[in-house]
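Engineer:
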Amino acid sequence: MTSPLTITGLSKRYGGVAVVDGVDLAIAPGQCHGLLGPNGAGKTTTLRLALGLIEADAGEIRLLGHKMPEGGRAARARVGVVPQVDSLDPDFTVRENLFAYGRYFGLDRAEVEARVPGLLDFAGLAGKADARVPSLSGGMKRRLTLARALINDPDLVVLDEPTTGLDPQARHLVWQGLRRLTARGKTLLLTTHFMDEAERLCDRISIIDKGRIIVEGSPRELIRSHIEPQVVEVYGEALADWRVCAQDLCKRCETAGETLFCYTDNPDPVIAELDKQPELRYLHRPANLEDVFLKLTGRDLRD
Ligand code: ADP
Numbered sequence: 494m495t496s497p498l499t500i501t502g503l504s505k506r507y508g509g510v511a512v513v514d515g516v517d518l519a520i521a522p523g524q525c526h527g528l529l530g531p532n533g534a535g536k537t538t539t540l541r542l543a544l545g546l547i548e549a550d551a552g553e554i555r556l557l558g559h560k561m562p563e564g565g566r567a568a569r570a571r572v573g574v575v576p577q578v579d580s581l582d583p584d585f586t587v588r589e590n591l592f593a594y595g596r597y598f599g600l601d602r603a604e605v606e607a608r609v610p611g612l613l614d615f616a617g618l619a620g621k622a623d624a625r626v627p628s629l630s631g632g633m634k635r636r637l638t639l640a641r642a643l644i645n646d647p648d649l650v651v652l653d654e655p656t657t658g659l660d661p662q663a664r665h666l667v668w669q670g671l672r673r674l675t676a677r678g679k680t681l682l683l684t685t686h687f688m689d690e691a692e693r694l695c696d697r698i699s700i701i702d703k704g705r706i707i708v709e710g711s712p713r714e715l716i717r718s719h720i721e722p723q724v725v726e727v728y729g730e731a732l733a734d735w736r737v738c739a740q741d742l743c744k745r746c747e748t749a750g751e752t753l754f755c756y757t758d759n760p761d762p763v764i765a766e767l768d769k770q771p772e773l774r775y776l777h778r779p780a781n782l783e784d785v786f787l788k789l790t791g792r793d794l795r796d
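Under this note's numbering, residues 494 to 796 are what the sequence shown spells out, in order.
Below, the structure written as C-alpha cells:
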C-alpha cells in the first residue's frame, strides 16, 4: 500500500522567517505517526500545508494520491480532521452535529443515517444522541468531535492535540478510540504536547524544531538511541550542595526548575549516595520520550 501522505522538501516562510524549512515526511499506512515539537516549531503550519489549506513556497505534497494543493478537494474528502478546539454546533444535538457534518461532505442523508449509530457507539455516546452539546462533558465533546471526523469514513485522520484539556479518564477513552481506528486500518497523524500519549499511541514519531525535522523513529528507537536508559530525579532543599556529587556519579545531569535529572546506565551508585541524604527526595525511573524531547529541543520556554 502506498503512503497516505508524503512530503518532500517542504518550506513555508512568513515575513521572511522560515517557519517550515525543508521538511521530509512519509507516513506509513495503518500507523499512528506523531509530529511533536515545542510551541512555534511549525507543526500546525505543516498540517495546514499537508491538507492544502495554505500554499507552500517550495516542496511537494502527495495526500492520498493527490498532488497538493491542486488536489485538495478530492484528497480532503478522504481525510478526517480533529481540530485543537472543538467546533461543535452548540444549538444542535449530538446526532444533529453528525448530520450537519455529513452534509458538509456532501453525503446523502441515507448514507449518514446508516453511519450515525456506529459512530455514536464508537464515541460511547449512544445514550446521548439527543442531548444538546452544552450538556456534554469535555470528554464527551472531544469524543463527539472525533466521531464527527469519521463521518466520511476517512482513510487518514489528522488530530491536532486531541486530548488537551481532558481529565485522565477521558484521555484513556480517547486513546482507546484512536487504537480502534488503527486496528481498522486507518492512518493517524497526531500532534500532541503529551509525551506519554505519543509514546503510548505512536508507531513512529517525527520531532520538529524551528521548522526542521530533527529526528524520526519509533518511540523505543528514539529512547534507545538518544538517551541514557535510567533516570534519577532528585529534589529537595539540599539539592545545590549535592549537585557536584551527582555530576561525578552520572553520565549527564540536567536541571529543570527545582529538579535535578541524573541520566545514567547504572543508577545504583547514585541511589546509594542518595540514601545517605535524608533531606533529598528522589524518583528512579526508566528514561522516556519526554527525556528525549527535552534533550533534543532544550528546556527553555518557547512562548
Ligand atoms: P506549532 O503548531 O508548532 O506551535 P505553528 O506552525 O503554529 O507552530 O507556527 C510556527 C511559526 O509560524 C510561529 O512562529 C508562528 O507565529 C508563525 N506563523 C504561523 N502562522 C502564521 C501566519 N499566518 N502568519 C505569520 N506567522 C505565522
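For glycine and all other residues, C-beta sits at the position ideal for the given N, C-alpha and C.
(1) With Ser718 as the anchor, note down where its alpha helix (DSSP H) starts and where it stops.
(2) Using a threshold of 8 Å, is the CB atom of Val512 nearer than that to any non-hydrogen atom of ligand 1?
(3) Which runs of the alpha helix (DSSP H) at least 4 residues long sit entirely within the region 617-671? Give them in chain order.
(4) When burial is assigned at 16 or more other CB atoms within 10 Å of the CB, is Lys634 buried or exposed?
(5) Are the CB atoms of Glu726 and Leu776 within a distance shorter than 9 Å?
(6) For the beta strand (DSSP E) holding Arg555, just list the boundary residues, first then last.
(7) Residue ranges of each alpha helix (DSSP H) run of no fewer than 4 residues wholly in the region 535-590, ordered along the chain?
(8) In this structure, how does DSSP classify Gly595 when only helix, strand and coil are distinguished?
(9) Thinking C-beta only, is Ala570 closer than 9 Å to Phe592?
(10) Rounded to a whole number of angstroms, what is the C-alpha to C-alpha distance between Ala607 and Thr499?
(11) Could you check if Gly533 belongs to the surroundings of ligand 1, using beta carbon to heavy atom distance under 8 Å?
(12) State the DSSP-derived secondary structure class of Gly515, mapped to helix, strand or coil.
(13) Apart from the five residues just before and just after Glu721, which ones in its own chain have a Cβ nearer than 7 Å to its Cβ?
(14) Helix, strand or coil for Ala780, going by three-state DSSP, please let me know.
(15) Measuring CA to CA, which of Val650, Lys788, Leu671 is closest to Phe615?
Structural biologist: In short, the structure shows the following:
(1) Run containing Ser718: 712-719, per the alpha helix (DSSP H) assignment.
(2) Val512: yes, Cβ under 8 Å from ligand 1.
(3) Within the region 617-671, the complete alpha helix (DSSP H) runs of at least 4 residues are 631-641.
(4) So Lys634 counts as buried.
(5) In contact: Leu776 and Glu726 (Cβ atoms closer than 9 Å).
(6) Unbroken beta strand (DSSP E) run through Arg555: 551-556.
(7) Taken in chain order, the unbroken stretches of alpha helix (DSSP H) that lie wholly in the region 535-590 and span 4 residues or more are 536-543, 565-569.
(8) In the structure shown, Gly595 adopts helical secondary structure according to DSSP, grouped into three states.
(9) In this structure, Ala570 does not lie closer than 9 Å to Phe592 by Cβ.
(10) Looking at the two C-alpha atoms, the distance is approximately 33 Å.
(11) True, at least one ligand heavy atom lies under 8 Å from that Cβ.
(12) Three-state result, Gly515: strand.
(13) Here the set comprises Lys744, Arg745, Tyr756, Thr757, Asp758, Ala780.
(14) DSSP places Ala780 in coil when its eight states are reduced to three.
(15) Ranking the options by Cα distance to Phe615, first place goes to Leu671.
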